[in-house]
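If you use our numbering, the sequence shown corresponds to residues 196 to 675, in order. Every residue, glycine too, gets a C-beta built ideally from N, C-alpha and C. Treat the numbers as computed from the prediction; the structure is a model and nothing was measured.
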Amino acid sequence: MKREHSFASLQRPLGFRDSQEAVDTDIFEDLSLLRTDEDFALCADRLEHGDIPTKLQAAVEIRRTIATAEHGVVDSLVQVGVIPIAIALLGSSSSSRVRLEAAWLLTTVGEGEYAAVAISEGALAVLYEAMSDTDDAVETQALWALATLASSVEGLASEIAASGFMDRVATLLDEDPPLDDVRTLAWSAGVIAQSLSGPDRRHSHAVLPPLGRTLGRLAGNLGDHDSDTALVDLLIAVAFISHGGDSDIAAVCQAGIVPSVVDLVAGPRTVATSAIRVLGNITSSDDNRYIDVVIDALGLAALVSVLATAPDPLKREALWALANVAAGTPAQLTAVLNEGALPLVIRLAEQGSQGVQQEALFFIRNFTMNASLPQLTEAADLGLIRVLSDSLAARLGRTAAWFLVAMDCIRNMIAASGTLDPTSNVFLDQLQSFRGVDRIHRLATHPKNRVHAAAVGMLEEFGLGDEDEGGIDDGRLSFA
196 MKREHSFASL QRPLGFRDSQ EAVDTDIFED LSLLRTDEDF ALCADRLEHG DIPTKLQAAV
256 EIRRTIATAE HGVVDSLVQV GVIPIAIALL GSSSSSRVRL EAAWLLTTVG EGEYAAVAIS
316 EGALAVLYEA MSDTDDAVET QALWALATLA SSVEGLASEI AASGFMDRVA TLLDEDPPLD
376 DVRTLAWSAG VIAQSLSGPD RRHSHAVLPP LGRTLGRLAG NLGDHDSDTA LVDLLIAVAF
436 ISHGGDSDIA AVCQAGIVPS VVDLVAGPRT VATSAIRVLG NITSSDDNRY IDVVIDALGL
496 AALVSVLATA PDPLKREALW ALANVAAGTP AQLTAVLNEG ALPLVIRLAE QGSQGVQQEA
556 LFFIRNFTMN ASLPQLTEAA DLGLIRVLSD SLAARLGRTA AWFLVAMDCI RNMIAASGTL
616 DPTSNVFLDQ LQSFRGVDRI HRLATHPKNR VHAAAVGMLE EFGLGDEDEG GIDDGRLSFA
């Protein structure tokens, strides 16, 4: 049974990029922060009516004031009309540095509650035009501004995607931009992809080949902090694109990205986490051909190595991806087992943290659904029945879903044996020996109807009889 994965919201990159236009930076010395209503009004007037150096001074004053993060700064800027001024400058100024400052203002001021103001003043038209600016910095900032608007206005991403947005991101990525621009472009593509649904998701596919090529270029600098940060943003963008239907996953695979993603599983924790999430998305496809793409790229060995040595959060991610593979074809399950996954998963189901144990149980459920009898017997020899019996005990934090998954695993194994005779069904014999039957009787008194019904159903299906008269003492907790 394959499961989807949820993602946290993308974090917007910070900073200001420079334009190609040479500017005498001496004009920015001795500028003051904006404090009073009069300061804001005079600054807006200089921004609108001054010559180019004066406009730039006003824009830098605004940027420095925004950087103080003082309450009410953006409100004051909106009240003095900075948004329409910025729109006009972006669309008409002969100075690329002024256009860049204007695009930055729209990115920073025209978001959240003020996104609607920016749109009503005509921001979209000038930003679309700025996507083809003669200055790459202006183009990149315009893309960032559009993504920011899309993150603030529901449904806007579809219109932006249809404007050629992803094609411009793709072109700029292939020009080997600075790392800060790589981050901005990846973030922008990820925001749009995250917001698209249905047929509109096809627009995001255009950026996949350049994302893959950029991953490949930066992978050579793995371990460098700035490169690693950019790699994470690139991987998150790929993850949002692949977090759709099979057509999205197909596009990722066809772009040739998977081998680079597999290589990055061995990277620093932040990089590895994002890489594993991409592999988890691909393996969650309903079309098992895409699991084979991960297998062919040696992805299983990379994921299994995570189970042995990585911190718990990475183990959970890797278990999720491997559980998806275990739900695939018999050959795919066998490929996982051939990498040595089974003893590691059983150990984690017994000794891991609660979150790791839960993910290990999901893997085991998929394994028991698809495994052959010899594979199940090997698992029993490794202690799986004992671990599953222990999983039926009442423990703090164990939910109804936990018990249902554990009982599913046991049911699958007993049914696979083809006999209910304990002398012939080694799984049933071990279940009784390890007090699993007694714990199923105990679960038949569970207050959750689903757990109660599942336990009663197992007792009846397999004729497991009465609870041991001696009862069991699982320690400390009761279902009652």
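Item                                                                                                      : Value
Whether Ile282 touches Glu243 by CB criterion (8 Å)                                                       : no
Three-state class that DSSP yields for Phe657 in the structure shown                                      : coil
Short Cβ contact (8 Å threshold) for Leu380 with Leu338                                                   : yes
Leu228, DSSP secondary structure in three states                                                          : coil
Option in Phe629, Val456, Ala467 with minimal Cα separation from Asp491                                   : Val456
Sub-8 Å separation of Phe680 and Val646 beta-carbons                                                      : The requested residue 680 does not occur in the structure, where the chain is confined to residues 196 to 675.
Spatial distance of Pro525 from Ala566 (CA atoms)                                                         : 7 Å
CB contact flag (Arg630, Ser584, <8 Å)                                                                    : yes
Test item: CB-CB of Glu334 and Ala325 under 8 Å                                                           : yes
Counted within 10 angstroms of its Cβ, other Cβ atoms place Asn519 as buried (16 or more) or exposed      : buried
Proximity to Gly523 [Cα-Cα], best of Thr249, Asp482, Leu368                                               : Asp482
For Met602, the three-state DSSP class (helix, strand or coil)                                            : helix
Nearest to Ser515 (by Cα), restricted to the options Leu528, Ala505, Ala555, Leu426                       : The sequence shown places Trp at residue 515, not Ser. That would be Ala555, whose Cα lies nearest to the Cα of Trp515.
Boundaries (first-last residue) of the alpha helix (DSSP H) holding Leu300                                : 291-304
Through-space distance from Pro538 to Gly393, alpha-carbon basis                                          : 41 Å
Residue span of the alpha helix (DSSP H) that contains Pro508, given as start and end                     : 507-521
Validate contact between the segment 420-430 and the segment 469-478 using beta carbons, cut 8 Å, 3 pairs : yes
Limits of the unbroken alpha helix (DSSP H) element including Gly407                                      : 403-414
Backbone CA spacing between Asp417 and Val377 [nearest angstrom]                                          : As written in the sequence, residue 417 is Leu, which differs from the Asp given in the question. Their backbone Cα atoms lie some 15 Å apart in a straight line.
Under 8 Å between C-beta atoms of Thr563 and Met602                                                       : no
Ser287, DSSP secondary structure in three states                                                          : helix
Beta-carbon proximity check, Glu306 vs Ser358, cutoff 8 Å                                                 : no
DSSP three-state assignment for Asn565, whether helix, strand or coil                                     : helix
Endpoints, alpha helix (DSSP H) assigned at Ile257                                                        : 247-262
Cutoff 6 Å; reference Thr343; Cβ partners in own chain excluding five residues on either side             : Thr302, Glu306
Status (buried if at least 16 other CB within 10 Å, exposed otherwise) for Asp576                         : exposed
Alpha-carbon to alpha-carbon, Gln627 and Phe657                                                           : 12 Å
Per-residue burial, Thr640 [other beta carbons within 10 Å of its own, 16 or more giving buried]          : exposed
Beta-carbon spacing of Lys250, Arg258 below 8 Å                                                           : no
Whole-angstrom distance between Leu341 and Gln546, CA atom to CA atom                                     : 48 Å
Neighbour-count burial assignment, Glu265, 16 or more Cβ in a 10 Å radius                                 : exposed
Endpoints, the alpha helix (DSSP H) within which His266 is located                                        : Note, His266: premise wrong, no alpha helix (DSSP H); not H, not E.
Euclidean distance between Cα positions of Ser437 and Leu272                                              : 39 Å
Which of helix, strand or coil DSSP assigns to Gly276                                                     : coil
Closest Cα partner of Asp219 within the set Ile247, Ala320, Ala497                                        : Ile247
Residue burial classification, Leu623 (beta-carbon count within 10 angstroms, cutoff 16)                  : buried
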